[in-house]
Amino acid sequence: MVCLGNICRSPLADGLLLRKIKEQGLNIKVDSAGTANYHIGKAPDSRMIRTAAAHGTPIDFLRARQFAPHDFDNFDLILVMDNSNFQNVLRLAKNHKEKQKVKYLLDFLYPNQNQSVPDPYYGTQDDFEAVYDLLDKATDALIQYLKND
Ligand code: 4NP
103 MVCLGNICRS PLADGLLLRK IKEQGLNIKV DSAGTANYHI GKAPDSRMIR TAAAHGTPID
163 FLRARQFAPH DFDNFDLILV MDNSNFQNVL RLAKNHKEKQ KVKYLLDFLY PNQNQSVPDP
223 YYGTQDDFEA VYDLLDKATD ALIQYLKND
């Protein structure tokens, strides 16, 4: 799961998927990263931690890191939150196979639309709630896809 800072959207997507994988007894490795280096080593944004916890999804234990080219070796899917993440991650891909791993997370919910998860960082509590709702639905759709894979 990749966003810009790895403190709002991608840690939530990471935590949601981790919880659902555990609940369903699946064996899938999940991690998240940011394309930027601003917040390396930091816990998720406290507003995102609170919103996620209120919905039963712990994310406080996650720590931000920057996306790196070796992530293409370690993961089958690189799921980005928005168009800017998509461009930044694609730029680090070395070949066609790596490029094909990069997908918009929301395409699992709204296929072929390349929709972006809005960045709540400068937003209100309602924006954080809206991101939770969207990522909850998107990770449900992703779990369905992974189970059929
Ligand atoms: P994220 O949100 O990409 O969902 O983690 C942001 C977090 C921090 C910043 C921007 C977006 N920032 O500019 O510091």
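In our numbering, the protein residues as written are 103 to 251. The beta carbon of each residue, even a glycine, is placed where N, CA and C say it ideally should be. Model, not experiment: these values are computed from the prediction.
Taking the alpha carbon of residue i as the point to measure from, which residue in the options has its own alpha carbon closest?
{"i": "residue 135", "options": "194, 103, 213 and 150", "result": "103"}
{"i": "residue 208", "options": "158, 202, 251 and 236", "result": "236"}
{"i": "residue 230", "options": "185, 129, 121 and 152", "result": "152"}
{"i": "residue 121", "options": "161, 182 and 225", "result": "161"}
{"i": "residue 106", "options": "146, 128 and 200", "result": "146"}
{"i": "residue 115", "options": "201, 221, 228 and 127", "result": "221"}
{"i": "residue 216", "options": "246, 154 and 240", "result": "240"}
{"i": "residue 163", "options": "118, 200, 223 and 246", "result": "118"}
Cutting at 7 Å between CB atoms, please list the residues of its own chain near residue i, excluding the five before and the five after it.
{"i": "residue 143", "result": "165 and 166"}
{"i": "residue 179", "result": "203 and 205"}
{"i": "residue 130", "result": "123 and 248"}
Leaving out the 5 sequence neighbours to the left and right, which residues in its chain are closer than 6 Å to residue i when beta-carbon positions are compared?
{"i": "residue 190", "result": "137"}
{"i": "residue 218", "result": "184 and 185"}
{"i": "residue 211", "result": "239, 240 and 243"}
Does DSSP put residue i in a helix, in a strand, or in coil?
{"i": "residue 136", "result": "strand"}
{"i": "residue 194", "result": "coil"}
Would you mind sorting residue i into buried or exposed? The rule is 16 or more other CB atoms within 10 Å of its CB.
{"i": "residue 111", "result": "buried"}
{"i": "residue 226", "result": "exposed"}
{"i": "residue 250", "result": "exposed"}
{"i": "residue 214", "result": "exposed"}
Cutting at 8 Å between CB atoms, please list the residues of its own chain near residue i, excluding the five before and the five after it.
{"i": "residue 157", "result": "234 and 238"}
{"i": "residue 168", "result": "108, 135, 136, 137, 138, 139 and 142"}
{"i": "residue 196", "result": "171 and 174"}
Which full runs of the alpha helix (DSSP H) of 4+ residues lie inside the stretch 160 to 228, going along the chain?
173 to 176, 185 to 192 and 198 to 202
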